[in-house]
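In terms of this note's numbering, the first sequence opens at residue 57 and continues consecutively. All C-beta atoms in this analysis are idealised placements derived from N, C-alpha and C, irrespective of residue type, glycine included. Please read all numbers here as calculations on a predicted model, not as lab measurements.
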Amino acid sequence: MSSYDHRDIERKWQAEWEKTRAFNVDIDHAPRPFYNLMMFPYPSAEGLHVGNVYAFTGSDVYGRFKLKQGFDVFEPMGFDAFGIHSENFAIKTGTHPAKLIPANIHNFRENQLKRLGAIFDWDHEVDTTDPAYYKWTQWLFIQLYKAGLAYQKDAPVNWCPHCATVLSDEQAEGGVCERCGSVVETRVMRQWFFKITHYAAKLLENLETIDWSDKTVTAQRTWIGKSEGANITFAVDGHDLDLTVYTTRPDTLFGATYMVIAPEHDAVGAITSQAQQAEVAAYVEAAGKKTKAERQEDKDKTGVFTGAFAINPVNGAKIPIWISDYVLAGYGTGAIMAVPAHDTRDFEFAKKFDLPIVEVISETGEASGDLSEATTAYGKLLNSGEFSGVESEAAKWAIVEKLGKDGRGEKAVQYRLRDWCISRQRYWGPPIPMIHCEKCGVVPVPDEDLPVLLPEMDDITPDGSGLSVLARNEEFVNVTCPVCGGAAKRDTDVNDNFLDSAWYFFRYPSVPRADVAMDPAITKKWLPVDMYIGGNEHAVLHLMYTRFVTMALHDIGLIDFDEPFKTFRAHGLLVKDGSKMSKSKGNVVNPDAFLDDYGADSFRTYLMFLGPYEQGGDWRDAGIAGIRRFLDRVWRFVTENDLADGMPQDRETLGVIHRTIKKVTEDLGSLSYNTAIAATMEMLNHLNKEERNFKGEAEILLHLIAPFAPHIADELWTQLGFEGSAGKAPWPAYDPALCVSDRMTIAVQVMGKLRGTVEIDADAAKDDILAAAKAEENVASHLAGKSIVKEIYVPGKLVNFVAK
RNA sequence: GCGAAAGUGGCGGAAUUGGCAGACGCGCUAGACUCAGGAUCUAGUGGUAGCAAUACCAUGGGGGUUCAAAUCCCCCCUUUCGCACCA
Numbered sequence: 057m058s059s060y061d062h063r064d065i066e067r068k069w070q071a072e073w074e075k076t077r078a079f080n081v082d083i084d085h086a087p088r089p090f091y092n093l094m095m096f097p098y099p100s101a102e103g104l105h106v107g108n109v110y111a112f113t114g115s116d117v118y119g120r121f122k123l124k125q126g127f128d129v130f131e132p133m134g135f136d137a138f139g140i141h142s143e144n145f146a147i148k149t150g151t152h153p154a155k156l157i158p159a160n161i162h163n164f165r166e167n168q169l170k171r172l173g174a175i176f177d178w179d180h181e182v183d184t185t186d187p188a189y190y191k192w193t194q195w196l197f198i199q200l201y202k203a204g205l206a207y208q209k210d211a212p213v214n215w216c217p218h219c220a221t222v223l224s225d226e227q228a229e230g231g232v233c234e235r236c237g238s239v240v241e242t243r244v245m246r247q248w249f250f251k252i253t254h255y256a257a258k259l260l261e262n263l264e265t266i267d268w269s270d271k272t273v274t275a276q277r278t279w280i281g282k283s284e285g286a287n288i289t290f291a292v293d294g295h296d297l298d299l300t301v302y303t304t305r306p307d308t309l310f311g312a313t314y315m316v317i318a319p320e321h322d323a324v325g326a327i328t329s330q331a332q333q334a335e336v337a338a339y340v341e342a343a344g345k346k347t348k349a350e351r352q353e354d355k356d357k358t359g360v361f362t363g364a365f366a367i368n369p370v371n372g373a374k375i376p377i378w379i380s381d382y383v384l385a386g387y388g389t390g391a392i393m394a395v396p397a398h399d400t401r402d403f404e405f406a407k408k409f410d411l412p413i414v415e416v417i418s419e420t421g422e423a424s425g426d427l428s429e430a431t432t433a434y435g436k437l438l439n440s441g442e443f444s445g446v447e448s449e450a451a452k453w454a455i456v457e458k459l460g461k462d463g464r465g466e467k468a469v470q471y472r473l474r475d476w477c478i479s480r481q482r483y484w485g486p487p488i489p490m491i492h493c494e495k496c497g498v499v500p501v502p503d504e505d506l507p508v509l510l511p512e513m514d515d516i517t518p519d520g521s522g523l524s525v526l527a528r529n530e531e532f533v534n535v536t537c538p539v540c541g542g543a544a545k546r547d548t549d550v551n552d553n554f555l556d557s558a559w560y561f562f563r564y565p566s567v568p569r570a571d572v573a574m575d576p577a578i579t580k581k582w583l584p585v586d587m588y589i590g591g592n593e594h595a596v597l598h599l600m601y602t603r604f605v606t607m608a609l610h611d612i613g614l615i616d617f618d619e620p621f622k623t624f625r626a627h628g629l630l631v632k633d634g635s636k637m638s639k640s641k642g643n644v645v646n647p648d649a650f651l652d653d654y655g656a657d658s659f660r661t662y663l664m665f666l667g668p669y670e671q672g673g674d675w676r677d678a679g680i681a682g683i684r685r686f687l688d689r690v691w692r693f694v695t696e697n698d699l700a701d702g703m704p705q706d707r708e709t710l711g712v713i714h715r716t717i718k719k720v721t722e723d724l725g726s727l728s729y730n731t732a733i734a735a736t737m738e739m740l741n742h743l744n745k746e747e748r749n750f751k752g753e754a755e756i757l758l759h760l761i762a763p764f765a766p767h768i769a770d771e772l773w774t775q776l777g778f779e780g781s782a783g784k785a786p787w788p789a790y791d792p793a794l795c796v797s798d799r800m801t802i803a804v805q806v807m808g809k810l811r812g813t814v815e816i817d818a819d820a821a822k823d824d825i826l827a828a829a830k831a832e833e834n835v836a837s838h839l840a841g842k843s844i845v846k847e848i849y850v851p852g853k854l855v856n857f858v859a860k
């Protein structure tokens, strides 16, 4: 019998599956649709990263499991090929992305993805750079625009000087460009935004009902950042002007000793006194130049007095209005009431500028007199007029209610989430399908003119002017207005790469339909996605955007659901020898080498064996040999074994087999792949100790390994004489009656310490078990000379004697 | 700074309605088969003591609850990951 040659076998079965279209689904007629989605890759020049393989394999194992359970599994694959990353790489190497990307995609698909043994349905491949795809990305933009969810505004935005483009808040977390790591600057620019904040409440509420990984839900909840408080309106002394602040602590209103507005606040010009003008202007200018990171790093509070005073609506107190960049323009009203006694930031500021600090909350309602630091805890009010002595929680809303009578206060809800800045001043993306006409204003490109093709340009290097590369192409820019027919100009920005990927899963099932983005019947049949698996690094980027787009499409009336993914699971991070893989450390695992040397089956199985899939794993090169040995043992079990027909009759072996089926079934359902593989190994170890083996045992073994090691499973399946494919044969059922052993081992403790075990029939009576336990030699010696005070029996598990 | 998760042999990791700690695998040790072994097979492998039976110790550290704690509670330490002036 020949030995296990993974090269021949894998080549053979991949060709066979492709030829017989084994894993292509009938999109229109599949009776039990199951949409199994994984995050599509960016086709880099370096090729598929082992992290991609880890992610895809975990998803594919799940898809294969569902397939064996009788579902029509649709598992598409595609390429997220637009974006700054490709473009920066192209500029660096001097190869145009239009040349580079198709070559990369070809390499990914033909040389790498097709070797993984996944059940990809290539009939539905998506490439975001294909005009046939981005036509619909542009169409989607226009739908959002028509629904009032896309708008332009001048706003302080994140500008990455290295990438020479603006970024969304999500791509500039921590003040650093997500792509290149540069510190981003704040620039005020006119940009397109998507009104994701329109769905803030729904994005948050739905988190309660969707089945997503906890850590992803938590990340989204934090990012949305709901807070409940009140808007309180202060009059400005000597001006016919009000300033509204947002606060979560109206109970501290009597302690407001000054007010702060952001440097970008609209009222800055109007309220600044003559005497303060120069100082204020200088401060505002300096604040504008600071990068986001600088603002955050500067622990020291800075600020200037405007010369104006506000009137506290609750007690008429006149308090100074300051400007400081510790108040953010983009959150709340861009203005705060400062309560230094009960807010740490206000406290710091008050100390620095010697502003008064008034205690209005204490534990008892009596003045504590300790003003050495801010106390943010709730308590009882003091120095608060009619509210003195009232508990914070009650006082909060009582004060707001009182203010409400004068129109000076109302409850308010704020979200941290900001609108999604969608424009990019770059080349490699779908042009924003808008036309600017002097007469007609902003006009969307008519559907029949889509796609707006990305023009071919030799020089695609951004010039940092704040204008996109496309602005240099006059032929592209100049256009006739679709409304009035006059001269007009195209929008020269391209859309954020995250828009391309925010709807790709809608497109997959409807590919290759050219007349619609998504066919209504097909979409109804296949969506929402049943299972989505991907990295948690996209928790607040991609996954938030997809939910927004889905909600928008729902409200536009194109779909009847408002959440894109029924289930989402975040896989863990794959590390190597305990530390993150990175090019600079030179510890990146190259998938190709392991596919060559050990085969896809060993590679897949090993990746899934490293640790709990949702927590990640620690790759070490030596470990894969152990998995290879396991598959070698499977091979020999089937090919070098005189297998008898049928199943064993031995009750113990049947118990092992059925318990293993049960364990693996449950583990695959919960993505506990590492323990599923371990259980299968245990079963094989047991079978190898038996004198005689059976064909039925081999059959079950192949079922259990098939999701992980599909090629060898199909090969041995065929060699055993079974028809068809192990990958598609129905998943084995287990008999619960056989999962229960007819003998049990009871641990016997004396005073909580293990002194022995007894083996006894599973249906033995408690008294018999206790008697047997006492009779056990070592137990008896520990009980000698003592009297038993208490006997504890945990059925099926353990006996504990408490003795004196 | 705030929040969350985690800390178990030489290593990756099992075990969580409290009930035999260390499954499975790597590595290591010994033996078998071999011209050879970085192949394969068999046996062993948490620590200390002992020829052994066995005993004691052991799940980051310290307390506690319990007949019984990796698991529950309190305090501390460490690591990782989020968020980071959001009023």
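Residue 821 and residue 632 have their alpha carbons spaced roughly 52 angstroms apart.
Nearest to residue 167 by alpha-carbon distance, out of 550, 67 and 624, is 67. As computed with DSSP, residue 214 is found in a beta bridge with 223 and 242.
Residue 744 and residue 61 have their C-alpha atoms roughly 22 angstroms apart.
According to the DSSP assignment, residue 500 belongs to the beta strand (DSSP E) that extends over 497-500. Nearest Cα to residue 455 within the set 524, 546, 411 and 310: 310. Assignment of beta-bridge partners to residue 436 by DSSP yields 418 and 447. Classified as exposed, residue 848 has fewer than 16 neighbouring CB atoms from the shown chains inside 10 Å of its CB. Residue environment: residue 160 is assigned as buried (16 or more neighbouring CB atoms within 10 Å of its CB, all protein chains considered). Here DSSP, grouped into helix, strand and coil, assigns residue 147 to helix. For residue 493, the uninterrupted beta strand (DSSP E) run begins and ends at 490-493, by DSSP.
In this chain, the alpha helix (DSSP H) harbouring residue 774 covers 766-775. Residue burial is scored here from C-beta neighbours: residue 694 has at least 16 other C-beta atoms within 10 angstroms and is therefore classed as buried.
Of all alpha-carbon atoms in 764, 382, 253 and 362, the one lying nearest the alpha-carbon of residue 724 is that of 764. 8 angstroms or more divides the Cβ of residue 669 from the Cβ of residue 758. Here the segment 130-139 makes contact with the segment 550-569; the two share three or more CB pairs at distances below 8 angstroms. If only uninterrupted beta strand (DSSP E) runs of at least 3 residues are considered, those enclosed by the segment 243-323 are 283-292, 298-303 and 314-317. Between residue 292 and residue 252, the CB-CB gap reaches or exceeds 8 angstroms.
Considering only 388, 249 and 316, the residue with the shortest C-alpha distance to residue 469 is 388.
In this structure, residue 186 sits away from residue 79, with a CB-CB distance that is not shorter than 8 angstroms.
In this structure the segment 547-555 lies against the segment 469-484, because at least three pairs of beta carbons, one per stretch, are closer than 8 angstroms. Each of 299, 191 and 834 was checked against the Cα of residue 814, and the nearest Cα belongs to 834. Under the Cβ criterion (8 angstroms, minimum of three pairs), the segment 616-632 counts as touching the segment 249-267. Using a C-beta cut-off of 8 angstroms, the segment 497-516 makes no contact with the segment 449-463, since fewer than three inter-stretch Cβ pairs fall below that distance. In this chain, the beta strand (DSSP E) harbouring residue 546 covers 543-546. Residue 94 sits in a strand when the DSSP states are folded into three classes.
With a threshold of 16 other beta carbon atoms within 10 Å, residue 696 falls short and is exposed. In summary, residue 412 is exposed, with fewer than 16 beta-carbon neighbours lying within 10 Å of its beta-carbon over all protein chains present. Boundaries for residue 694: no beta strand (DSSP E) harbours it, while the alpha helix (DSSP H) harbouring it runs 680-695, taken from the DSSP string.
By the Cβ test, the segment 120-131 is not in contact with the segment 193-201, since fewer than three Cβ pairs between them sit closer than 8 angstroms. A residue is called buried when at least 16 other Cβ atoms come within 10 angstroms of its Cβ; residue 705 does not meet this threshold and is exposed. Spanning the alpha carbons of residue 104 and residue 164 requires a straight line of approximately 6 angstroms.
Going by C-alpha positions, residue 376 is about 8 angstroms away from residue 362.
Taking 3 residues as the minimum length, the beta strand (DSSP E) runs contained wholly in the segment 519-602 are 534-536, 543-546 and 585-591, in order along the chain. Residue 803: member of the beta strand (DSSP E) spanning 799-806, first to last residue. A residue is called buried once 16 or more other Cβ atoms fall within 10 Å of its Cβ, and residue 576, having fewer, is exposed.
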